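Enquirer: Got a structure for you, written out below as structure tokens; questions coming shortly.
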Amino acid sequence: MLVNLNVTMVPGSSNSFKMVIAGAGSIGSLFAWILAKNGLDVTVVAREPHSNAIMSHGLVLQDRDGVNQGALKNITCGTLPEVLKNCSVLMISVKVHDLEAILQEIEPAFITSQDPPVIVLLQNGLGNERMVERYYPGATVVRIVTSNGAMLASPGHVVHAGRGNTFIGISSKDPSPLASTFIEQFCTALYARDLHVQETSSIQEHVWKKVIINIGINAVGAIFQVPNGKILENQHLLHVSRELVKEATEVAHQQGYLSGRDGWGVTKRVMQTTAKNRNSMLQDLDKGKKTEIDFINGAISSIGRETGISTPWNDAMVELIHGFETIDHPRDQDHDTSGRTH
Numbered sequence: 550m551l552v553n554l555n556v557t558m559v560p561g562s563s564n565s566f567k568m569v570i571a572g573a574g575s576i577g578s579l580f581a582w583i584l585a586k587n588g589l590d591v592t593v594v595a596r597e598p599h600s601n602a603i604m605s606h607g608l609v610l611q612d613r614d615g616v617n618q619g620a621l622k623n624i625t626c627g628t629l630p631e632v633l634k635n636c637s638v639l640m641i642s643v644k645v646h647d648l649e650a651i652l653q654e655i656e657p658a659f660i661t662s663q664d665p666p667v668i669v670l671l672q673n674g675l676g677n678e679r680m681v682e683r684y685y686p687g688a689t690v691v692r693i694v695t696s697n698g699a700m701l702a703s704p705g706h707v708v709h710a711g712r713g714n715t716f717i718g719i720s721s722k723d724p725s726p727l728a729s730t731f732i733e734q735f736c737t738a739l740y741a742r743d744l745h746v747q748e749t750s751s752i753q754e755h756v757w758k759k760v761i762i763n764i765g766i767n768a769v770g771a772i773f774q775v776p777n778g779k780i781l782e783n784q785h786l787l788h789v790s791r792e793l794v795k796e797a798t799e800v801a802h803q804q805g806y807l808s809g810r811d812g813w814g815v816t817k818r819v820m821q822t823t824a825k826n827r828n829s830m831l832q833d834l835d836k837g838k839k840t841e842i843d844f845i846n847g848a849i850s851s852i853g854r855e856t857g858i859s860t861p862w863n864d865a866m867v868e869l870i871h872g873f874e875t876i877d878h879p880r881d882q883d884h885d886t887s888g889r890t891h
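Take a look at the structure:
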């Protein structure tokens with residue numbers, strides 16, 4: 550669905566507010582550019598030398614066809630927690646295993662804020678909202694689920710490597726009016742770039758759907774060091790993927806999500822449409838980084854234990870990935886990481 554909300558954002562007007570994007574890597578930088586282009590007051594927290602490049606030359610966006618969309622110099626950079634002064638909306642776009650550290654880092658600034666914060670989670674995984682609520686019981690949590698792909702070509706230069714769908718919705722029971730305002734402006738900004746975006750009252754359906762797709766692809770591709778399409782071509786890998794998705798779907802049904810759907814059909818379609826992609830977990834292992842396994846397959850295992858649902862395939866994947874993370878193995882530095890999706 551393509552949403553047109555007919556809202557014009559003018560910097561300094563009553564419908565403009567300050568937002569901070571913490572973790573402005575590839576996907577965070579993509580959304581920073583889109584939102585700033587449409588008039589939002591955006592500050593990013595990014596690593597060096599990316600932040601230096603943005604401050605010196607602006608943030609450049611290039612589309613997947615290689616067309617330069619321009620450098621925006623109205624995006625500022627800063628560090629936590631200082632940038633949170635007068636911040637209305639905080640978007641967190643770090644890996645989910647870094648979420649708690651970010652929440653601990655921002656806590657002093659947000660505790661002294663007069664208004665409860667709006668915290669937007671642009672990340673994978675299950676249970677992220679509960680972590681935010683432990684630190685900020687009064688916060689309104691908004692989640693974004695996107696299949697857009699992005700990569701950092703160089704410091705200050707983000708490539709929109711793949712167009713996809715974006716869903717946004719409120720996860721909190723008693724949301725603040727500001728959350729609805731932000732969602733409206735977010736959708737308008739994406740619409741201005743002719744991107745598919747949909748506000749939904751059932752954002753958790755989309756969170757679970759994406760988690761199940763990740764379960765069927767990420768750990769399998771990471772362990773066997775293959776792009777997504779190779780899973781479809783190998784009957785043994787395909788069997789492992791199917792069993793993982795079967796367990797995850799059973800857990801999702803028990804939790805009240807994806808009723809009447811098995812998750813396998815959409816997982817296979819994603820494998821087909823992203824056949825050449827090396828998934829994010831595989832890329833993390835290639836770079837010697839910690840993966841998000843505990844918040845994907847690990848979350849299914851955890852809920853399964855709590856509810857009495859057996860999840861041996863997902864249990865095994867968690868152990869295998871952790872094993873892979875903790876042993877020395879050769880890294881291939883030549884893999885193309887373009888088209889990485891969040």
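When you read off a place in the sequence shown, starting at 1, and then add 549, the result is the number in this note's numbering.
Note that the Cβ used here is the ideal one computed from N, Cα and C, for glycine as well.
The model shown is predicted, which means the values in this text are computed figures rather than measured ones.
Leaving out the 5 sequence neighbours to the left and right, which residues in its chain are closer than 6 angstroms to G607 when beta-carbon positions are compared?
Expert: Here G607 has A620, L621 and K622 as same chain residues with Cβ atoms under 6 angstroms from its own Cβ, once five neighbours each way along the sequence are excluded.
Enquirer: Whole angstroms is fine: what's the gap from S850's alpha carbon to A797's?
Expert: 9 angstroms
Enquirer: Given a cut-off of 7 angstroms, decide if V593 and I576 are closer than it, judged by their beta-carbon atoms.
Expert: no
Enquirer: From the DSSP output, in three-state form, read off R692 for me.
Expert: strand
Enquirer: Who pairs with M640 in a beta bridge, going by DSSP?
Expert: I570 and V669
Enquirer: List the residues that DSSP assigns as beta-bridge partners of G713.
Expert: Partner(s): none; G713 has no beta bridge.
Enquirer: If we ignore side chains and look at the alpha-carbon of each, how far apart do M550 and Q747 end up?
Expert: For M550, the pLDDT reaches just 36, beneath the cut-off of 50, and the residue's location in the model is therefore unreliable, although a value from the coordinates is still provided. Taking the straight line joining both Cα atoms gives about 6 angstroms.
Enquirer: Checking 7 angstroms against the spacing of the C-beta atoms, do V694 and K759 come in under that value?
Expert: yes
Enquirer: Starting from the N-terminal side, write out each stretch of the alpha helix (DSSP H) that is 4 residues or longer and does not extend beyond the stretch 699-781.
Expert: List check, alpha helix (DSSP H) in window: 726-741 and 752-773.
Enquirer: How far does the alpha helix (DSSP H) with N623 in it reach, from first residue to last?
Expert: Element bounds for N623: n/a, residue is neither H nor E.
Enquirer: Where does Q804 fall in DSSP's three states?
Expert: coil
Enquirer: Are the beta-carbon atoms belonging to V667 and V638 less than 7 angstroms from one another?
Expert: yes
Enquirer: Taking DSSP as the reference, what is the three-state secondary structure of L584?
Expert: helix
Enquirer: Please name the residue or residues paired with Q611 in a DSSP beta bridge.
Expert: N617 and V708
Enquirer: For T798, which three-state DSSP category applies?
Expert: helix
Enquirer: Quick check on the burial criterion: 16 or more other C-beta atoms within 10 angstroms. Buried or exposed for G872?
Expert: Classification of G872: exposed, given that the 10 Å Cβ count is below 16.
Enquirer: Bridge partners of D590, per DSSP?
Expert: Its beta-bridge partners are K567.
Enquirer: Check whether the Cβ atoms of L675 and A824 lie closer than 7 angstroms to each other.
Expert: no
Enquirer: Answer with buried or exposed for G705, where buried requires no fewer than 16 other C-beta atoms within 10 angstroms of its C-beta.
Expert: Flag for G705 reads buried.
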